[in-house]
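In my numbering, the protein residues as written are 3 to 72.
Step one of this worksheet: look at the structure below.
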Amino acid sequence: MKKSVDSTFLHYGVRQEDMALIEQSCRDNDIDSEWMKQSILKPYHEERNNQNIVEDKKLAKILKKALKEI
């Protein structure tokens, strides 16, 4: 079996199989999964790549910004 780069992991830091669970949970709770990915998961992943650890204050800032989009 040929292995390839998991683009979901590269963009969001989440394996494709886990992203499927997140998307299903979003659908079950009437949350737009694209919004979740772009507004929460991607900024969190980028911050974690830059700082290795995302502190509570930074996570709160990411969440507040995402919630303002609603």
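Quick reminder that beta carbons are idealized off the backbone N, C-alpha and C, glycines included.
- Straight across, the Cα-Cα distance linking Q26 with E49 is about 25 Å.
- For the pair I55 and Q18, the Cα-to-Cα distance works out to about 22 Å.
- Annotation for D8: no alpha helix (DSSP H) segment contains it, and DSSP assigns it neither H nor E.
- With respect to the 8 Å criterion, S35 and I24 are classified as neighbours on the basis of their beta carbons.
- If you draw a straight line from the Cα of K67 to the Cα of K60, it comes to about 11 Å.
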